[in-house]
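S.K.: The following block contains the structure, expressed as structure tokens.
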Amino acid sequence: MAIPLRPFGRHDVKVSALAFGGHHLGDAEDQATAIRLVREAVDGGITFFDNCWEYHRGKAEEWMGTGLKGIRDRVFLMTKVCTHGRDKALALRMLDESLRRLQTDHLDLWQVHGVSFENDPDLFIRPNGAAEALAHAKKEGKVRFVGFTGHKDPEIHLKMLATGFPFDSVQMPLNPFDATFRSFEQKVLPELNRRGIAALGMKPLQGHGDAIKKGALTAEEGLRYAMSLPVTTTITGIDKLEILHQNLKLAQNFQPMSAAEMQALRDRCKQYAADGRFELYKVSLKFDNPEARLSHNFPLDMQQVEVKEMLGASQNDGSPYPKFSESKS
Amino acid sequence: MNRRKFIEVTGAAIAGGNLMAQSNGNGQVPMRALGRTGVQVSALGVGGYHLGSASSQDEAKRIVDTAIDAGINFFDNAWDYHDGQSEEWMGAALKGKRDRVVLMTKVCTHGRDKQTAMRMLEESLHRLGTDHLDVWQIHEVIYYDDPDLIFRPNGAAEALVQAKKDGKVRFVGFTGHKDPAIHLKMLAQGFPFDTVQMPLNCLDASFRSFEQQVLPEANRRGIAVLGMKSLGGSGEMVRHGAVTAADALRYAMSLPVATTISGMENLNVLQQNLEIARGFHPLSAQEMQRIRDQVRNEASDGRYELFKTTKKYDGDVGREQHGYPTAEELPL
Chain Z
1 MAIPLRPFGR HDVKVSALAF GGHHLGDAED QATAIRLVRE AVDGGITFFD NCWEYHRGKA
61 EEWMGTGLKG IRDRVFLMTK VCTHGRDKAL ALRMLDESLR RLQTDHLDLW QVHGVSFEND
121 PDLFIRPNGA AEALAHAKKE GKVRFVGFTG HKDPEIHLKM LATGFPFDSV QMPLNPFDAT
181 FRSFEQKVLP ELNRRGIAAL GMKPLQGHGD AIKKGALTAE EGLRYAMSLP VTTTITGIDK
241 LEILHQNLKL AQNFQPMSAA EMQALRDRCK QYAADGRFEL YKVSLKFDNP EARLSHNFPL
301 DMQQVEVKEM LGASQNDGSP YPKFSESKS
Chain X
1001 MNRRKFIEVT GAAIAGGNLM AQSNGNGQVP MRALGRTGVQ VSALGVGGYH LGSASSQDEA
1061 KRIVDTAIDA GINFFDNAWD YHDGQSEEWM GAALKGKRDR VVLMTKVCTH GRDKQTAMRM
1121 LEESLHRLGT DHLDVWQIHE VIYYDDPDLI FRPNGAAEAL VQAKKDGKVR FVGFTGHKDP
1181 AIHLKMLAQG FPFDTVQMPL NCLDASFRSF EQQVLPEANR RGIAVLGMKS LGGSGEMVRH
1241 GAVTAADALR YAMSLPVATT ISGMENLNVL QQNLEIARGF HPLSAQEMQR IRDQVRNEAS
1301 DGRYELFKTT KKYDGDVGRE QHGYPTAEEL PL
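Top to bottom, those sequences are chains Z and X.
The opening position of the first sequence corresponds to residue 1 in our numbering, with each subsequent residue numbered one higher.
The opening position of the second sequence corresponds to residue 1001 in our numbering, with each subsequent residue numbered one higher.
So, in structure tokens, the structure goes:
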């Protein structure tokens, strides 16, 4: 059995219905494990690989690049740029760094990362903003397609679409909880389908799988639900071989849920979903990316346990992008 | 939350402003139409929660008396404010003056049934010392399943209809501080709401915005809009220097609303608000845009509108009724 392939939006390109999330790759035990995860995933039929300039301060890209050595052409490679509202020049420097870490001369998809704040669309589309970097990189042949991603609010996604920029893809949280709470599924997904923009689902298990741990649903139900939506692919985090094997098995034998099954799952999750506590990325400032907050000049509470954990995880010392700070405009 | 500290900051901020510039000379608090009801209300309303935070019942009475003498006629309350103390103090203070005011309180079923709502209504009437309310609103519509719970058979919506029919309330509405989408879902039910209450302030204008999404819809339908949280709930936007209290209140009062409900737990704050409300002229479109632009960056992550972005303003009773853990138990 092979993992189903689906069209990438309006383009004549197909990608696997399950995608390999780059952040969790950086959580793998060591580089050897990461390389093995990547290679076994490709052998198992996963063609879509997700990453991001800032995941684990570059480690996630480096490990993925090493894992893909010699098989780069067999995959559809995406990474994201982390300007967080800053300018075109910074974005293009990040692109070159991502290409170097990923050991390739081009990306299949390059997306603006972390569109989470109400003023992000304005910052994106302003003269000399990240929008110009996307257009420029495409023209130069360094990226084939461009898009954006965010986990906060469907309205911000719609504002990005309203800028009129010709996005090829849009990434967003899609899961049975999202279906009834500040819902990307209801508000953004139909709009993307209408425009022929590839919809990339993420957080099929609500990010940390809290609801699964509490028994509201199973991981298999969550993943099957997300994959049954009208999306190009569903990006899921894979940091261990056993997780990879479970996901491969599910994806290789994937049968879409019926409309009735999907509705039953939405109904079951609805009462848990209604205050958003299982989708903390939507509701809490504490789950904002500290890098993004810093580059927006939003304050961080350095004493907050969660902030300390996040800064520790990203090895950030509280200053934005030490390596790129001189280009901050 | 530290409301006391906020009051001090607010006072200082207002004292530094050029207040008389807004006066139109006749010194009255403007009256405005309460939607399509035919009733006129003062552009500034007394918030019931803060009245229950006054230093004593005597102070609460002085606040109510002074407000009425100054031309304020809109009084807000809720069944659950300070476990009933807010309604009791307001009721006592309004003794003999009940007919001079437009009295509103809210019912706190939090998804529970019609009977619970009707029982709460009787309790509110008793505490407020009156036989009828001018406005009765469903409190704290802040969860995504609330519209379904309210409009289910035997839900709170039926209580609103019954109470109106019984002559115990003249007008009905709802309130919530969380998400414009939930308000729109309530309006989409087609229920004949007379009023709707929502957070309206200069930061809301560019963050998950009731001003942009709900206010025009309510205006279009002729539903009276009651603004609240003009300073962010506890003055967060003022305390952190995003805007002065005077500008923030003027901004809120300049929107197309029937009234702006403000928490005033002592005479100082009331007087400061009256300085702005007396002879109030709405800000020009340019002035409003200047204030929006000034606070846009602070607004963009919602950190001074914590009622939208955290569980801090969500009542424990409501969370309990929905089967949710308390705010303290969540990593928010």
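Note that the Cβ used here is the ideal one computed from N, Cα and C, for glycine as well.
Bear in mind the structure is a predicted one, so any value in this text is a computation, not a measurement.
With a CB to CB cut of under 6 Å and the five nearest residues on each side skipped, what residues in its chain are close to D1204 of chain X?
M.R.: Only F1210 and E1211 meet the Cβ criterion.
S.K.: Is S1206 of chain X close to chain Z, meaning its C-beta is less than 9 Å from at least one C-beta of that chain?
M.R.: S1206 of chain X counts as touching chain Z.
S.K.: Please go through the same chain and pick out, in chain order, the residues whose beta-carbon is closer than 6 Å to the beta-carbon of G196 of chain Z, but skip the five residues on each side of it.
M.R.: Only G9 and R10 meet the Cβ criterion.
S.K.: On a Cα-Cα basis, can you pick out the residue from X:E1298, X:F1075 and X:G1235 that is closest to Q1137 of chain X?
M.R.: Ranking X:E1298, X:F1075 and X:G1235 by Cα distance to Q1137 of chain X puts X:F1075 first.
S.K.: Just by C-beta distance, which residues in the stretch 1285-1314 of chain X are closer than 8 Å to chain Z?
M.R.: Of all residues in the stretch 1285-1314 of chain X, R1296, N1297, A1299, S1300, D1301, G1302, R1303, T1309, T1310, K1311 and D1314 have a Cβ within less than 8 Å of some Cβ in chain Z.
S.K.: Beta-carbon within less than 8 Å of V1102 of chain X's beta-carbon, same chain only, minus the 5 sequence neighbours each way: which residues are those?
M.R.: Within the same chain, V1102 of chain X has close Cβ partners L1034, V1039, V1041, N1073, F1074, F1075, D1134 and V1135.
S.K.: For L1330 of chain X, would you say it is in contact with chain Z, using Cβ-to-Cβ distances shorter than 9 Å as the test?
M.R.: Cβ-Cβ to chain Z under 9 Å: yes for L1330 of chain X.
S.K.: Please report the straight-line C-alpha distance between E1140 of chain X and R1152 of chain X, rounded to a whole angstrom.
M.R.: Going from the Cα of E1140 of chain X to the Cα of R1152 of chain X covers about 17 Å.
S.K.: If you measure from the beta carbon of G1155 of chain X to each beta carbon in chain Z, is any gap under 9 Å?
M.R.: Output row for G1155 of chain X: interface = no.
S.K.: Taking Cβ-Cβ distances shorter than 9 Å, what residues in chain Z pair up with Y1144 of chain X?
M.R.: Within 9 Å Cβ-Cβ: T180, F181, R182, S183, K270, A273, A274, D275 and G276.
S.K.: Take A130 of chain Z as the anchor and find which of Z:G141, Z:I3 and Z:W110 has the nearest alpha-carbon.
M.R.: Of the candidates Z:G141, Z:I3 and Z:W110, the one whose C-alpha sits nearest the C-alpha of A130 of chain Z is Z:W110.
S.K.: Report the option in Z:A91, Z:L158 and Z:R101 whose CA atom is closest to the CA atom of A135 of chain Z.
M.R.: Minimum Cα distance to A135 of chain Z is reached at Z:A91.
S.K.: Alpha carbon to alpha carbon, how far is L241 of chain Z from L37 of chain Z?
M.R.: Roughly 6 Å separates the two Cα atoms.
S.K.: Please determine if the stretch 48-59 of chain Z and the stretch 94-108 of chain Z are in contact, where contact requires at least 3 C-beta pairs separated by less than 8 Å.
M.R.: Short answer: they touch.
S.K.: Between A17 of chain Z and P290 of chain Z, what straight-line distance do the alpha-carbon atoms span, to the nearest angstrom?
M.R.: Using only the alpha carbons, I get a separation of about 31 Å.
S.K.: With a threshold of 9 Å between beta carbons, is N253 of chain Z in contact with chain X?
M.R.: No, no contact with chain X.
S.K.: Whose Cβ in chain X lies nearer than 9 Å to the Cβ of E155 of chain Z?
M.R.: What E155 of chain Z touches in chain X: P1180, A1181, R1208, S1209 and Q1213.
S.K.: Name the one or two DSSP bridge partners that S1124 of chain X has.
M.R.: Per DSSP, none; premise fails for S1124 of chain X.
S.K.: If I follow the unbroken alpha helix (DSSP H) through A1060 of chain X, where does it start and stop?
M.R.: It spans Q1057 to D1069 - the alpha helix (DSSP H) in which A1060 of chain X sits, taken as one unbroken run.
S.K.: Could you tell me whether the stretch 1227-1236 of chain X touches the stretch 177-186 of chain Z, where touching means 3 or more Cβ pairs closer than 8 Å?
M.R.: No: fewer than three Cβ pairs fall under 8 Å.
S.K.: Measuring only between beta-carbons, confirm whether Y1049 of chain X sits less than 9 Å from chain Z.
M.R.: Not an interface residue.
S.K.: Check whether the stretch 269-278 of chain Z touches the stretch 201-216 of chain Z, counting contact only when three or more Cβ pairs, one atom from each stretch, lie closer than 8 Å.
M.R.: Cβ pair count under 8 Å is three or more, so yes.
S.K.: Say whether the stretch 236-256 of chain Z touches the stretch 15-33 of chain Z, bearing in mind that this needs 3 or more beta-carbon pairs closer than 8 Å, one atom from each stretch.
M.R.: In short, these stretches touch, since the Cβ pair count reaches three.
S.K.: Give me the chain Z residues within the contact set of G1323 of chain X, using Cβ-Cβ distance strictly less than 9 Å, ordered along the chain.
M.R.: Going along chain Z in sequence order, the residues near G1323 of chain X (Cβ under 9 Å) are Q271 and Y272.
S.K.: Which residues bound the alpha helix (DSSP H) around P1216 of chain X?
M.R.: Segment L1215 to R1221, the alpha helix (DSSP H) holding P1216 of chain X.
S.K.: Thinking E118 of chain Z and S1300 of chain X are a contact (beta carbons under 8 Å), I'd like their distance in whole angstroms, please.
M.R.: At roughly 4 Å, the Cβ-Cβ gap stays under 8 Å, so E118 of chain Z and S1300 of chain X are in contact.
S.K.: Taking 9 Å as the threshold (beta carbon to beta carbon), is T1326 of chain X in contact with chain Z?
M.R.: Not closer than 9 Å to any Cβ of chain Z, the Cβ of T1326 of chain X fails to qualify, so no.
S.K.: Determine the extent of the beta strand (DSSP E) in which M172 of chain Z is found, giving its start and end residues.
M.R.: S169 to P173 is the extent of the beta strand (DSSP E) around M172 of chain Z.
S.K.: Could you please give the first and the last residue of the uninterrupted alpha helix (DSSP H) stretch that includes V1269 of chain X?
M.R.: V1269 of chain X -> alpha helix (DSSP H) spans L1267 to A1277.
S.K.: In the DSSP assignment, find the unbroken alpha helix (DSSP H) run with D267 of chain Z in it and report its ends.
M.R.: A259 to A273 is the extent of the alpha helix (DSSP H) around D267 of chain Z.
S.K.: Does the beta-carbon of D168 of chain Z have 16 or more other beta-carbons within 10 angstroms, so that it is buried, or is it exposed?
M.R.: Per the 10 Å Cβ criterion, buried.
S.K.: Please list, in chain order, all residues of the same chain as K159 of chain Z whose beta carbon is under 6 Å from its beta carbon, the five residues on each side excluded.
M.R.: If we look at K159 of chain Z and ignore the five residues flanking it on each side, its Cβ neighbours are P121.
S.K.: From this set, Z:E261, Z:R57, Z:L248 and Z:N193, which residue's C-alpha is nearest I238 of chain Z's C-alpha?
M.R.: For I238 of chain Z, the nearest C-alpha among the options comes from Z:L248.
S.K.: Spell out whether any CB of chain X is found under 9 Å from the CB atom of R293 of chain Z.
M.R.: Yes - at least one Cβ of chain X is within 9 Å of the one on R293 of chain Z.
S.K.: Would you kindly work out how many angstroms separate the C-alpha atoms of Q1321 of chain X and V283 of chain Z, rounded to a whole number?
M.R.: Distance between the alpha carbons of Q1321 of chain X and V283 of chain Z: 20 Å.
S.K.: Measure from the C-beta of N296 of chain Z to each C-beta in chain X and report whether the shortest distance is under 9 Å.
M.R.: The residue asked about is misnamed: residue 296 of chain Z is His in this sequence, not Asn. Chain X, which has a Cβ nearer than 9 Å to the Cβ of H296 of chain Z, makes this yes.
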